[in-house]
Amino acid sequence: MKLKITMAYAQPSGQIVTETVTTNLGTVCAWETAHGTSSKNLVTRERLDDYGWLFWYKLTKLGKENRTWPEFEDALDELIEVQPIQVNPTEAAVTGAS
Numbered sequence: 001m002k003l004k005i006t007m008a009y010a011q012p013s014g015q016i017v018t019e020t021v022t023t024n025l026g027t028v029c030a031w032e033t034a035h036g037t038s039s040k041n042l043v044t045r046e047r048l049d050d051y052g053w054l055f056w057y058k059l060t061k062l063g064k065e066n067r068t069w070p071e072f073e074d075a076l077d078e079l080i081e082v083q084p085i086q087v088n089p090t091e092a093a094v095t096g097a098s
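Read in order, the letters of the sequence shown are residues 1 to 98 in my numbering.
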């Protein structure tokens, strides 16, 4: 499974933008384990701090962000949505048909 994370943040110019990234659940679980948080509440928790780092990390990997985490953390504005994504097309088709 993957997670789609949509957040609003300030660009260096000060303009607030909204962006969506998709991250592998394995990355999320590894991050949660390292930070001592429970993955059972992964999708239901809506806290900026919990998903902000994952969002920043994905943006840096995509080459869309070059600020350090502390700089970017200060720029976070709003967590808009965290949504699980089913990646197995067969399962998605069965779920959609039921």
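Note that beta-carbon positions come from the ideal geometry of N, C-alpha and C, so glycine has one too.
Looking only at its own chain, which residues have a Cβ that is under 8 angstroms from the Cβ of residue i, when we skip the five neighbours before and after it?
{"i": "Asn66", "result": "Thr60"}
{"i": "Ile80", "result": "Thr6, Met7, Ala8 and Thr18"}
Closest to residue i by C-alpha separation, out of the options, would be which residue?
{"i": "Gly63", "options": "Val21, Glu73 and Ala10", "result": "Val21"}
Using the C-alpha atoms, what's the distance from residue j back to residue i?
{"i": "Thr18", "j": "Asp50", "result": "17 angstroms"}
{"i": "Tyr9", "j": "Ala75", "result": "5 angstroms"}
{"i": "Asn120", "j": "Phe72", "result": "Missing from the structure shown is residue 120; the chain here goes from 1 to 98 and no further."}
{"i": "Lys58", "j": "Gln11", "result": "16 angstroms"}
{"i": "Gln15", "j": "Gln86", "result": "33 angstroms"}
{"i": "Ser13", "j": "Leu3", "result": "28 angstroms"}
Under 6 angstroms Cβ to Cβ from residue i, same chain only, skipping five residues before and after it: list those, please.
{"i": "Ile5", "result": "Val21, Tyr51, Phe55 and Val82"}
{"i": "Glu78", "result": "Ala8"}
Tell me which same chain residues have a C-beta within less than 7 angstroms of the C-beta of residue i, skipping the five on either side of it?
{"i": "Trp69", "result": "Trp53 and Trp56"}
Answer with yes or no whether the minimum CB distance from residue i to chain D is below 8 angstroms.
{"i": "Gly63", "result": "Of the protein chains in this structure there is only one, and it is not chain D."}
message = Please give the ranges of any alpha helix (DSSP H) in the stretch 44 to 78, keeping only runs that are unbroken, at least 4 residues long and fully inside the region.
response = The stretch 44 to 78 contains these whole alpha helix (DSSP H) runs: 48 to 61 and 69 to 75.
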